[in-house]
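> Dumping the structure here so I can ask a few things about it.
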Amino acid sequence: MADKKKNYNQENALRLGFITVLAMVALVIAMGFNLDLNVAGTASKNSNTICSDSDGGQREFFVGTVGVYNGDTYKLLKSYPDTCAADGKTLTEYICNEQKTDRKSVTITCPGECSGGECKCYDSDGGRNLYVKGTTIWRGGTYVDRCYDTNRVYEFRCDNNIMYGSYDECTYPDYCSNGVCVKPVCGNGIVERGEDCDGSNLLGNDCTRLGFFGGTLACTRDCKYDTSRCINQVCGDGIINQMNEQCDGNDFGSLTCELLGFLGGTLACKGDCILDTSRCNVCSDSDGGLNYEARGTVRNIEGNTKTDTCGVAGFNPTDLCGDPMGSFDSTCAANALVEHYCGGNTALDLIKVNGVFSLGRTDCSYDSYPLDGYVYVSCGTSGTQKAPIGADGSFTLIAPWDGTIYQFYLVSLGTANSDIRSARPIMTYKNIQCRKGCSDGACQSDKICGDGIINQINEQCDGNDFGSLTCESLGFTGGTLACDAATCTYNTDRCIQSPNYCGNILIEPGEECDGTNLGGRTCTYFGNFTAGTLACTDMCTFDFTNCY
């Protein structure tokens, strides 16, 4: 009986103890105590907490910190910053739970590098690589390289953890396809950039569409049109008798340079019966050219006119007299003449000399880089013009002095910053110092033969003034020039001509060529021709007979 009583007392004690514990827990809750029961990263059992995430949630490309606060006092209980693992790829991203009472974590594998508690901007092709299609991932967005047009790629890349995009042009003749620059493949049957045709793919063209009378058009192994089997038998009979003939020999129909919009000149006909307007004038001068004692007006085919005036032209106030590329002459301004004329197309009258592109104005800068195939011209604040250089050294620019489109040539093809000449005479000017004075757009004449200065158009020399003439420049091997005192014309009696000077295959002073040595020149170098075979005469001058 005593044992039963003892067991009964023990059971009562246990019941009383359990009730006491429950009462204490209830009291603690009623008093508002905050018990942090988190164990091994599990959510808190205490609902009187507030969770806040500085980066706004699961945003792996932003650095964030989750903070757990007391719901009554807003005291920070604990913070959990986003953290990168040691492998440099794995991110532990802390976010708030659904109840916003505690934190939880998400493990993310970054597409690229993980550093500083965030996934970094990632570019699969490693940067500005136009020949690999890349995917850039940054701040929730995925950006894939794409073609902007047939020649340009819109390339995405990362720079200092920021995503950028740019329009990048494929190197010619490469083109853009499916988001990358690709090289054209001659032989795949697809006509790509830089190709006329490819295999049997002629883009729908035939001999007649290319201007021939008939025949069979083909494609060469380098994907250029092969017109060797095209028929053009009637071209060359001296009569315009086919629809594709613009001219034939000396038959131009009723066409003249003037009817074609030029300012005079002489039409020519190429071997394929296409008009050649290279000898038509795009510029005219009423006083006949560099005539300082007559007031002239220069006109171009765009209708722009310039009249000789007294004063100083140009945009550079220190550039007063002589050629626009000349040196400063402080005595010139009072007697200056602005002589307008048609020029810029000869070896002695170039548009660009000594690094200055200065036809008509002198605030232009110029650079040419034949290795990248472009020239660059910038005038004042007008921006830079970029023009591609052709295989013959030609390029086309809008001239800064009159807004007209002109074709120019590098004097030394393959040489950076080569001098430049125009394909045709065009409107330009020189600042001239009149010896006696300037009046009504012309120099007052005090020039006579015998004053020791070449100052008249009909003077080749005067006393010891021969300009740039020497025996060598006139084709001799040496000697001394003389000047006729009565006529101011040069005398070559004392110039020396060595035997067999022309014909030794060496291009020497005064020679344009010698035998088969053409100095690397071809018909197309001279700008007036598009094809043909250049030769050398027995006088060592160029023979253009077979150029067209």
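Residue numbers (the working numbering): 14 to 561. Glycine included, each C-beta is placed from N, C-alpha and C at the ideal position. A quick note: this is a predicted structure, and the numbers were derived from the prediction, not measured.
1) What distance in whole Å lies between the Cβ atoms of Tyr-389 and Ile-402, which are believed to be in contact at a cut-off of 8 angstroms?
2) Just tell me which of Val-193, Asp-187, Arg-222 has its CA closest to the CA of Glu-205.
3) Taking the alpha-carbon of Thr-500 as reference, which of Phe-489, Ile-509, Arg-507, Ile-470 has the nearest alpha-carbon?
4) Which residues bound the beta strand (DSSP E) around Pro-401?
5) Buried or exposed for Gly-454, going by 16 or more other Cβ atoms inside 10 Å?
6) So what does Asn-313 bridge to, in DSSP terms?
7) Give the DSSP-derived three-state secondary structure of Tyr-538 in the structure shown.
8) Could you check if Tyr-538 is buried or exposed, using at least 16 other CB atoms within 10 Å of its CB as the buried criterion?
9) Let me make sure I understand the geometry here. Which of Cys-210, Ile-121, Gly-69 has the alpha-carbon closest to that of Asp-235?
10) When the Cα atoms are used, what is the spatial distance from Lys-58 to Glu-131?
11) Within this structure, are the beta carbons of Thr-417 and Asn-317 separated by less than 9 angstroms?
12) So, under 8 angstroms CB-CB, Leu-280 and Cys-296 are touching, yes? Tell me the CB distance rounded to an integer number of Å.
13) Return the first residue and the last residue of the beta strand (DSSP E) that Met-176 is part of.
14) Looking at Ser-190 and Asp-171, is the spacing between their C-beta atoms short of 9 angstroms?
15) Only counting runs of 3 or more residues, tell me where the beta strand (DSSP E) segments fall wholly within the region 66-102, in order along the chain.
16) Within the same chain, show all residues whose beta-carbon is closer than 6 angstroms to that of Gly-545, passing over the 5 residues directly before and after it, in chain order.
17) Would you report the Cα separation of Asp-298 and Thr-184, rounded to the nearest angstrom?
18) Nearest to Thr-428 by alpha carbon, out of Asp-85, Gly-406, Pro-438?
19) Do Val-166 and Gly-192 have their C-beta atoms within less than 9 angstroms of each other?
20) Quick one: Cα of Gln-473 to Cα of Phe-265, how far?
21) List the endpoints of the continuous beta strand (DSSP E) containing Asp-172.
22) With a threshold of 7 angstroms on Cβ separation, who are the neighbours of Cys-553 within its own chain once the five nearest residues in sequence on each side are excluded?
23) Measure the beta-carbon distance from Asp-380 to Asn-430 and round it to whole angstroms, keeping in mind my assumption that it falls under 8 angstroms.
24) Look at the alpha carbon of Cys-106 and the alpha carbon of Thr-96, and state the distance between them as a whole number of angstroms.
25) Quick one, which of Leu-423, Ser-118, Thr-163 has its alpha-carbon nearest Val-195's?
26) Restricting to Cα atoms, I'd like to know which of Ser-378, Glu-315, Arg-292, Ser-425 is closest to Met-440.
27) Smallest Cα separation from Ser-452: which of Thr-493, Thr-322, Gly-224, Thr-490?
28) In three-state terms, what does DSSP make of Arg-448?
29) For Ser-63, I'd like the list of residues in its chain whose CB is within less than 6 angstroms of its CB, leaving aside the five on either flank, ordered along the chain.
30) In this structure, does DSSP put Tyr-561 in helix, strand or coil?
31) Under three-state DSSP, which class holds Thr-122?
32) Give the single residue among Leu-303, Asp-362, Gly-69 whose Cα lies nearest to the Cα of Arg-116.
33) Just reading off the beta strand (DSSP E) that Gly-154 is part of, what are its end residues?
34) Just curious, the beta strand (DSSP E) that Arg-610 is in, first and last residue?
35) Is the Cβ-Cβ distance between Gly-476 and Gly-463 less than 9 angstroms?
36) Using DSSP's beta-bridge definition, name the partner residues of Phe-408.
The short version:
1) About 11 angstroms; that fails the 8 angstroms criterion.
2) Of the listed residues, the one whose Cα sits closest to Glu-205 is Asp-187.
3) Ile-470
4) 397-401
5) buried
6) Its beta-bridge partners are Cys-296.
7) helix
8) Tyr-538 comes out buried.
9) Cys-210
10) With a pLDDT of 44 at Lys-58, under the threshold of 50, the modelled position of that residue is not reliable, and no figure is offered here.
11) yes
12) About 17 angstroms; that fails the 8 angstroms criterion.
13) For Met-176, the enclosing beta strand (DSSP E) stretches over residues 175-182.
14) It is Cys, not Asp, that sits at residue 171 in the sequence shown. Going by C-beta atoms, Cys-171 is not nearer than 9 angstroms to Ser-190.
15) 78-83, 89-94
16) Cys-536, Asn-559, Cys-560, Tyr-561
17) Distance between the alpha carbons of Asp-298 and Thr-184 is about 43 angstroms.
18) Gly-406
19) yes
20) Each residue's Cα considered, the two are about 39 angstroms apart.
21) 165-172
22) Cys-515, Glu-524, Glu-525, Cys-526, Asp-527
23) 6 angstroms
24) It is Glu, not Cys, that sits at residue 106 in the sequence shown. Rounded to the nearest angstrom, the two C-alpha atoms are 7 angstroms apart.
25) Thr-163
26) Glu-315
27) Thr-322
28) Under the three-state reduction of DSSP output, Arg-448 falls in the coil class, being neither helix nor strand.
29) In the sequence as presented, Ser is not what sits at residue 63; that position holds Ile. When the five nearest sequence neighbours on each side are left out, the beta carbons in the same chain lying within less than 6 angstroms of the beta carbon of Ile-63 are those of Tyr-82, Gly-84, in order along the chain.
30) coil
31) strand
32) Gly-69
33) From DSSP, the beta strand (DSSP E) with Gly-154 extends over 154-157.
34) For the chain, the structure presents residues 14 to 561; residue 610 sits outside this window and is missing.
35) yes
36) Phe-421
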